[in-house]
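*Asks:* Residues 5 to 146 (this note's numbering) are what the sequence shown spells out, left to right.
Note that beta-carbon positions come from the ideal geometry of N, C-alpha and C, so glycine has one too.
None of the values given here were measured: they were computed from a predicted structure.
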Amino acid sequence: MITTESEVQTRSRAGWLARLAVLVALIGGLLAASTTAASASAAATAGARTAKMAAAPMATMTASCGGGRCTVYLSKAETRDLAAGRVPGLPGGVPWQLRAGYYALAYGHKWFAQQYANRGWCSGFRLSIYPWESQGYFGYAC
């Protein structure tokens, strides 16, 4: 089977896009997990004694990928968790330029998540290999 150079480039872009969507979903999961851990430790500090810890709800995040595009949809609860979550720190030795960009991006997404959560909306991430299509973090009524 003979493949053209444009087909190879499209496949490599689609693979990169899928990996980026997974990375964004993992970061959202880390933020949600840190919120769950923080609220659990706050409850323990307040003197609440429980026999067993309630199981965390299943993630309701859905993703749709294909044709060079990926969209990850978060539920209302996940949007609230992202808004209330802690931004994970970076390891030592990261240059200040990357550190500044990371924190600006992370706290910017957190602020937008707060705005969407206050309105009772859901949020999502859209990525595309096509530069003319809309991409990024967005809110939608759910």
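For A87, I'd like the list of residues in its chain whose CB is within less than 7 Å of its CB, leaving aside the five on either flank, ordered along the chain.
*Replies:* Once the five neighbours on either side are set aside, the close Cβ partners of A87 are K114, A117, Q118 and A121.
*Asks:* Whole angstroms is fine: what's the gap from G96's alpha carbon to A108's?
*Replies:* C-alpha separation (whole angstroms): 18 Å.
*Asks:* Find the nearest neighbour of P92 within the set T75, A67 and A110, judged by alpha-carbon distance.
*Replies:* For the residues T75, A67 and A110, the minimum Cα distance to P92 belongs to A110.
*Asks:* Tell me which same chain residues have a C-beta within less than 7 Å of the C-beta of Y106, skipping the five on either side of it?
*Replies:* Correct list, in chain order: L94.
*Asks:* Considering just the uninterrupted stretch of the beta strand (DSSP E) at A145, what are its terminal residues?
*Replies:* Run containing A145: none; DSSP gives neither H nor E here.
*Asks:* Once DSSP output is grouped into helix, strand and coil, what is the label at Y134?
*Replies:* In the structure shown, Y134 sits in coil (DSSP, three-state: anything other than H, G, I, E or B).
*Asks:* Determine the DSSP secondary structure at G105, reduced to helix, strand or coil.
*Replies:* Correct three-state label for G105: helix.
*Asks:* Let me know the secondary structure DSSP gives T75 once reduced to three states.
*Replies:* T75: strand per DSSP, three-state reduction.
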